[in-house]
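Residue 38 in the numbering used here sits at position 31 of the sequence shown, with consecutive numbering throughout.
Worksheet for the structure shown next.
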Amino acid sequence: MNFSRNKGIPCIIIFLFIGFSLLGQNEGYVATEAGAGDGVIHLLKRYGLNPGTSNLNHFREINQIKGEMVLREGSRYRLPIQVYSYNEKSIRSTIGRNDWDLAVKIRDYNELMHRKNLRKEDYRKDKILWVPVEYLEEPVTENKTNPSSGQTQIKYPVFGKDQEVVEIKSDRLSGHVYYIVSGHGGPDPGAIGKYNGHSLCEDEYAYDIALRLARCLIEQSATVHLIIRDDDDGIRDETILKPDKDEKCMGKEKIPLNQMARLKQRTGAINELYRNHKKNGNPVQRAIILHLDSRSSRQRIDMFFYHSPNSSNGKKLASSLRNKIEEKYNRHQKNRGYTGTVEERNLYVLRNTLPVAVFIEMGNIKNSLDQKRFILKDNRQAIAHWLCEGLLEASDQ
Ligand SMILES: [Zn+2]
C-alpha cells in the first residue's frame, strides 16, 4: 500500500508548509490495486466509501480516467481518501476543522480500516491519517451523528424543517438509484377531488407521498432523485394540502403546460441521470411514478400498477409492489381484501424511461372513501412506507 503524490502540487506544498507548520500536511491520496473483477463501486464499498455520484466523479478525476470507468486488474488507483500527516495533537487540528463529530467519524473510520487490514498501522502509530473526501465535503453543520443511536444523520431541506434530518438506518440500498416522479405539477394540478368544499389537487397529494417515499429510501442509503420538486413544500401533515403552481422539474426547470412537453421534460431528466449512473456502475436503477386516478365519485379503486408493454422487469417490480400492498392490507385490515391489479400500459413515461419503471395509481381522488387514503397524513405515510418495503424486498431479488 503506498500513497501517490499529485505531481502538480509541489509549489502549493511549499506554501502550505511555511504557512501551517502546526497543521498536519495533506499528502495526497490513498492508492490501492484493483483485483480481478473489481469495479470502481467495489473499491469504494471496500473502503467504506459512499458509491454515489460525488465519489465516482472524484475517482474519475484523481485517476484522470476518460470514457468508461473500467479498471485494469493489477493497476493502482487513487481513492477519494486524503492522507494527512497526523500531528499527534488532535484530528481536528490536523485537518484544520474544529468539528468534534467530524473528528470522531474520521477516528472511527481509520480504526475500522485498520481492523479490516486495509491499512497496516493505527494512525496514532504511523502518524498517517486517512480522511475520506466525502467527509470533508459534507457541510460542517449539516451532518451529525445521533449521540444515542450512533447512526449517521443527514440533512435534506427538501423534506421541510420538521423532517429534514434523516437518520440512516441501514445500507441495504447503498448504490441503488431511485427516480421518484410525482404526477403533473406546475401549471397542471392533475385530477381534482372535492372534500368539505375544498379542492384536493392530485399533484399536491402525489408530491407529499413522493417526499415520504424518498425519505424512507434514503434511510436505507439509497440514492434518490426527486424529479418533480417544490422547494417550499416539505412533508406536510395537513388534511387539505394547499394547491400551488411552483413545482419544478429537478427543482429548477419550469414545468410546461403542454402534456407531451411535460412528459418529455421529466423522462429526459431521468434518462440523463440514468446514463450517468449506468456509466458509474450503479447496479440498480428504478423509476416510481405516483398518480391519483379520477373516476366517477361512486367508484372505489384499490392501488394498482402499470408497467411498460413487454417489460418483464417492469412487470416483476410492479407485481412485487402489488403483493407487498396486499400483504400489508391483510395484516392491518384483516377482512378488507385487496383488488389491486398489475397491467401493461402503453404510456409515454413508461415507454420512454430508461430505468425499469412502475406507474402507480393510488386511488380515486373523487371517491370520498378513497380520499381518506390521501387526506390523512398517517395514510400517506403508510402508502410511502409500504412501497418502500416493497422496493427493499424487490432490491434483494
Ligand atoms: Zn395523474
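Backbone N, C-alpha and C define an ideal beta-carbon position, used for all residues, glycine too.
As assigned by DSSP and simplified to three states, the class of residue i
i    : result
P362 : coil
P164 : helix
L224 : helix
H191 : coil
T60  : helix
P146 : Model confidence at P146 stands at a pLDDT of 48, short of 50, so the residue's coordinates are unreliable; what they give is reported in the following sentence. Here P146 sits in coil by DSSP.
I72  : coil
L78  : coil
D178 : coil
I102 : helix
D403 : helix
Between the CA atoms of residue j and residue i - distance to the nearest angstrom
i    : j    : result
H392 : D385 : 10 Å
L220 : R83  : 40 Å
E334 : K271 : 35 Å
L398 : A229 : 11 Å
Y202 : S375 : 8 Å
V227 : I175 : According to the sequence as given, residue 227 is Gln; it is not Val. Cα-Cα distance, rounded: 6 Å.
R126 : R85  : 14 Å
A325 : Y313 : 7 Å
Y355 : Q340 : 35 Å
I308 : V365 : 18 Å
D403 : K323 : 13 Å
G321 : Q378 : 28 Å
Q71  : P362 : 28 Å
Per DSSP, cross-strand counterpart(s) of residue i
i    : result
R293 : Y185, V363
P139 : I88
E260 : C256
S206 : K201
F311 : E368
R236 : K255
D300 : N371
Residue i: first and last residue of the uninterrupted beta strand (DSSP E) it sits in
i    : result
Q89  : 83-92
L354 : Per DSSP, L354 belongs to no beta strand (DSSP E) and is neither H nor E.
E174 : 172-174
T246 : Per DSSP, T246 belongs to no beta strand (DSSP E) and is neither H nor E.
Close beta carbons around residue i, own chain, < 7 Å, minus the five adjacent residues each side
i    : result
A217 : I187, S189, L233, L297
K252 : G193, P194
Residue i, enclosing alpha helix (DSSP H) - first and last residue
i    : result
I382 : 375-382
L125 : Unbroken run through L125: none, as it is neither H nor E.
V47  : 47-53
E333 : 319-339
T348 : Segment: none, T348 is in no alpha helix (DSSP H) and carries neither H nor E.
L280 : 266-286
Close-in-space but distant-in-sequence residues of the same chain around residue i (CB under 8 Å, 5 per side omitted)
i    : result
N124 : none
H284 : T60, V184, T230, Q292
G81  : E40, A41
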